[in-house]
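J.: Residue numbers for the sequence shown follow UniProt numbering, so the first one is 1 and each next one is one higher.
Even for Gly, the Cβ is constructed at its ideal location relative to N, Cα and C.
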Amino acid sequence: MGVGGEPSLIVDAYSREQLVAALVDAADDDWFVLGGGSNLLAADEPFDGTVIRILTSGFAPIDGAPEGFQRVSVEAGQNWDEFVAWTVAEGLQGVEAMSGIPGTAGAAPIQNVGAYGQEIVQTLVSVDLIDEGSSEIVEVPAAELGLGPRTSDLKRHYGEEPIRNAVIAGITLDLRVVGTDPTPVADERIRGALSLLETDALSLAEIRDRVLAIRASKGMVLDPSDADTRSAGSFFNNPIIAEADARRLPAECPRWPVDEVVEAVQVFDLATWDGQVPRVAAPASRVKVSAAWLIENSGLPKGFALHGSRASLSTKHTLAITNRGGATADEVAALARYVRTRVASEYGITLNPEPVFVGVEL
Numbered sequence: 001m002g003v004g005g006e007p008s009l010i011v012d013a014y015s016r017e018q019l020v021a022a023l024v025d026a027a028d029d030d031w032f033v034l035g036g037g038s039n040l041l042a043a044d045e046p047f048d049g050t051v052i053r054i055l056t057s058g059f060a061p062i063d064g065a066p067e068g069f070q071r072v073s074v075e076a077g078q079n080w081d082e083f084v085a086w087t088v089a090e091g092l093q094g095v096e097a098m099s100g101i102p103g104t105a106g107a108a109p110i111q112n113v114g115a116y117g118q119e120i121v122q123t124l125v126s127v128d129l130i131d132e133g134s135s136e137i138v139e140v141p142a143a144e145l146g147l148g149p150r151t152s153d154l155k156r157h158y159g160e161e162p163i164r165n166a167v168i169a170g171i172t173l174d175l176r177v178v179g180t181d182p183t184p185v186a187d188e189r190i191r192g193a194l195s196l197l198e199t200d201a202l203s204l205a206e207i208r209d210r211v212l213a214i215r216a217s218k219g220m221v222l223d224p225s226d227a228d229t230r231s232a233g234s235f236f237n238n239p240i241i242a243e244a245d246a247r248r249l250p251a252e253c254p255r256w257p258v259d260e261v262v263e264a265v266q267v268f269d270l271a272t273w274d275g276q277v278p279r280v281a282a283p284a285s286r287v288k289v290s291a292a293w294l295i296e297n298s299g300l301p302k303g304f305a306l307h308g309s310r311a312s313l314s315t316k317h318t319l320a321i322t323n324r325g326g327a328t329a330d331e332v333a334a335l336a337r338y339v340r341t342r343v344a345s346e347y348g349i350t351l352n353p354e355p356v357f358v359g360v361e362l
């Protein structure tokens, strides 16, 4: 976003060994691990602590994938889009719809990044973690990370501590081997996002090109000459609310069902069991609704800014808060607070911010 003060100390880690050493050295002080910085809002005041910047890079095919797939190991500091471009060139399917997402590979599992029908949970096998207070790197299966809609046990949600405080050193993915020729797009969500018919055939490269074009049209591909791209991407998460609450919203508000996971296993003590199986009540249905629609229909159009502020909503997408040039973190936060207040007042829904905040409160 181009805002924020300077930390007392920046330590660059170009290897896993340097990363572990930096974490050990900073253990008794305030510290913060930085990837690409694309999903970050730091306060204007200097950070009185150590910022550890992960600059590890590289990826390589490894053994262990099931038939028809290729397993790939990726370093946490690897530029994400460069890695996606390589998978497309190699004919490996699974992350092509996430083309153009800024940042590093290590950040991908933290909020289960996704776009246009794909999420990292669909391909993630495991992550290499350094738990807080440890100097060991452990491999943790993806199933143990609590991955959900834009969340995981590793994510520091606004106002909350992560369930597991750890640093990612690397990730491992299983990608389907499909080649570089056009093939029918099997994923219904990708077809819908790209306006494809069920019979349309596209290569991975063509999917990537279309995704990049869509993202650019929304100001979501970095362009130094375009102030709409000086943002943290989507500033607010799409709210997930009860279906009953969603029915009270105007019919034109976009919404999507959220898959529920029902625990199917019941355990009974045979010594006392009466032979009856109690009915398991299904959880209340939940719905994800469009934060962008809520913002715009609260009377805040694209390009909206508070009087005299150098921060504004993007002129292309109301979900992004942008730095129009010389903005401060306080100006960004003030606009975010105003947006939250308007949406809560109009629809009774509190929007939760998506970026990681350092020293900023809403």
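1. Since tryptophan 256 sits in a beta bridge, which residues does DSSP pair it with?
2. Starting from alanine 246, follow its DSSP beta bridges and name the residues at the other end.
3. Give me, in chain order, the residues of the same chain whose beta-carbon lies closer than 7 Å to that of arginine 342; leave out the 5 immediate sequence neighbours on both sides.
4. Would you list the one or two residues that DSSP bridges to glycine 4?
5. In angstroms with no decimal places, state the Cα-to-Cα distance between alanine 291 and asparagine 352.
6. Using a Cβ distance threshold of 8 Å, determine whether the stretch 66 to 82 contacts the stretch 157 to 170, with at least three qualifying pairs required.
7. Tell me whether the beta-carbon of isoleucine 62 lies closer than 7 Å to the beta-carbon of valine 33.
8. Whose C-beta lies closer than 6 Å to the C-beta of glutamate 67 among residues of the same chain, with five residues either side of it excluded?
9. So the candidates are His157, Arg176, Glu252 and Glu6; which of them puts its Cα closest to the Cα of asparagine 237?
10. Excluding the five sequence neighbours on either side, which residues of its own chain have a C-beta within less than 6 Å of the C-beta of proline 7, listed in chain order?
11. Output yes or no for whether 7 Å exceeds the beta carbon distance between alanine 43 and alanine 329.
12. If the criterion is Cβ atoms closer than 7 Å, does the pair valine 360 and leucine 41 meet it?
13. Spatial neighbours of arginine 230 within its chain, please: CB distance less than 7 Å, with the 5 preceding and 5 following residues excluded, ordered by chain position.
14. Ends of the alpha helix (DSSP H) at threonine 318?
15. Can you tell me whether DSSP reads threonine 50 as helix, strand or coil?
16. Give the DSSP-derived three-state secondary structure of valine 262 in the structure shown.
17. Go ahead and pull the three-state DSSP assignment for valine 84.
18. Can you grab the Cα-Cα spacing for the pair glutamate 17 / glutamate 132, in whole Å?
19. Could you tell me the alpha carbon to alpha carbon distance between glycine 325 and alanine 305, rounded to whole angstroms?
20. Nearest-angstrom Cα distance between serine 15 and glycine 159?
21. Tell me the rounded alpha-carbon separation between histidine 307 and phenylalanine 357.
22. Checking the sheet assignment: what are the DSSP bridge partners for glutamate 75?
23. So, residue 370 versus leucine 147, is the Cβ gap smaller than 7 Å?
24. According to DSSP, is glutamate 119 helix, strand or coil?
25. Taking contact to mean 3 or more Cβ pairs, one atom from each stretch, closer than 8 Å, check whether the stretch 99 to 115 and the stretch 205 to 213 are in contact.
26. Are the beta-carbon atoms belonging to phenylalanine 69 and aspartate 174 less than 7 Å from one another?
27. Is DSSP giving glutamate 206 helix, strand or coil here?
28. According to DSSP, which residues form a beta bridge with serine 126?
29. Identify, in the order they occur along the chain, each residue of the same chain with its Cβ nearer than 7 Å to the Cβ of serine 203, setting aside the five sequence neighbours on each side.
30. Glutamine 276: buried (16+ other C-beta within 10 angstroms of its C-beta) or exposed?
31. Quick check on this structure: which residue in Ser285, Thr87, Glu90 and Lys155 has the alpha carbon closest to the alpha carbon of alanine 242?
32. Quick check on DSSP: helix, strand or coil for alanine 65?
33. State yes or no: is the C-beta of lysine 218 within less than 7 Å of the C-beta of histidine 317?
34. What is the DSSP secondary structure of alanine 311, counted as helix, strand or coil?
35. Between which residues of its own chain and proline 184 is the CB-CB distance below 8 Å, once the five residues before and five after are set aside?
T.: Taking the coordinates as given:
1. Lys288
2. Under DSSP, alanine 246 shares a beta bridge with no residue.
3. Ser298, Gly299 and Leu300
4. DSSP, once it has assigned bridges, lists no residue as partnering glycine 4.
5. 10 Å
6. The stretch 66 to 82 is in contact with the stretch 157 to 170.
7. no
8. none
9. His157
10. These residues qualify, in order along the chain: Phe47 and Val51.
11. yes
12. yes
13. Met1, Gly2, Thr322 and Asn323
14. That residue, threonine 318, is in no alpha helix (DSSP H); it is neither H nor E in DSSP.
15. strand
16. The predicted position of valine 262 is uncertain, since its pLDDT is 48 and thus under 50; a value taken from the coordinates is nonetheless stated next. In this structure, valine 262 counts as coil in the three-state DSSP scheme.
17. helix
18. Each residue's Cα considered, the two are about 15 Å apart.
19. 13 Å
20. 31 Å
21. Roughly 24 Å separates the two Cα atoms.
22. Gly170
23. The structure shown does not extend to residue 370, since the chain is modelled only from 1 through 362, so no value can be given for it.
24. The answer is strand: DSSP assigns glutamate 119 an E or B state.
25. yes
26. yes
27. helix
28. Pro141 and Thr172
29. Thr180, Asp181 and Pro182
30. exposed
31. Ser285
32. coil
33. yes
34. strand
35. Taken in chain order, the residues that qualify are Glu198, Thr199, Asp200 and Ala201.
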